[in-house]
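Here is the structure we will look at, set down as structure tokens.
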Amino acid sequence: MEASCQCGAVSFKTPLPKPLALYICHCHDCQRQSSSAFGTSAIFPRFPLPDAELLGCYKRPTTLGETMYCYFCTRCGTRLIHTIPGKNVVSVKGGCIEGLDWKSAIHIWTKSAMVPIPEGSETYPDGGPTEQLSDGQDSLDPPIELAG
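Take the sequence shown: its letters are residues 359 to 506, numbered as in the numbering used here.
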């Protein structure tokens, strides 16, 4: 799948034609990060980051005590990819990917939802099945260190 930031300076292809999972997250962190009612994430096997020269990185703690690396375009500020060291998957922000089918998206952290969730959607009041995609692997590349 093709993905890019808003200005087009950072673009990349996902390693699979479809994500392993698709989440619509209603947690407070995603609400703040997206400046909206929810955030969207497409889960893919870990792959090399696109053009590191154009990426900035914001590091933040997770609720499980890990560090999440949040990569964004330094030109337009679009958040693109989230990684956690030692995990075998990455989260590509859903709005960056062309052609996602949102009908099968899983709604997580619905206990803090600000908008109605479509009837019939798979929902979890907390993180739900995201823990299943977090199996660690020691052989993974460490996060890239960015200046600034």
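Glycine included, C-beta positions come from ideal geometry on N, C-alpha and C. Only a predicted model underlies this, so the values are computations on that prediction, with no experimental measurement involved.
Item                                                                                                  : Value
Unbroken stretches of the beta strand (DSSP E), 3 residues or longer, contained in the region 437-489 : 437-441, 447-451, 464-466
Span separating the alpha-carbon of F370 from that of P408                                            : 6 angstroms
A367 - DSSP class collapsed to helix/strand/coil                                                      : coil
Assigned secondary structure, S394 (DSSP; H/G/I helix, E/B strand, else coil)                         : coil
Which of helix, strand or coil DSSP assigns to L412                                                   : helix
Burial state of A505, where buried means 16 or more other Cβ atoms lie within 10 Å                    : Any reading at A505 needs caution, since the residue's pLDDT is 41, under 50, leaving its predicted position unreliable; the model's value is listed next. Exposed, by the Cβ-count rule.
Minimum C-alpha distance to V447 - residue among M359, T372, A367                                     : T372
Local Cβ density within 10 Å of R437, reported as buried at 16 or more and exposed below that         : buried
Counted within 10 angstroms of its Cβ, other Cβ atoms place C365 as buried (16 or more) or exposed    : exposed
Residue range of the unbroken beta strand (DSSP E) whose run includes F405                            : Note, F405: premise wrong, no beta strand (DSSP E); not H, not E.
Run of the beta strand (DSSP E) containing M426, from where it starts to where it stops               : 425-431
Residue range of the beta strand (DSSP E) that includes C383                                          : 379-383
Option in P419, L412, G423, S449 with minimal Cα separation from G435                                 : L412
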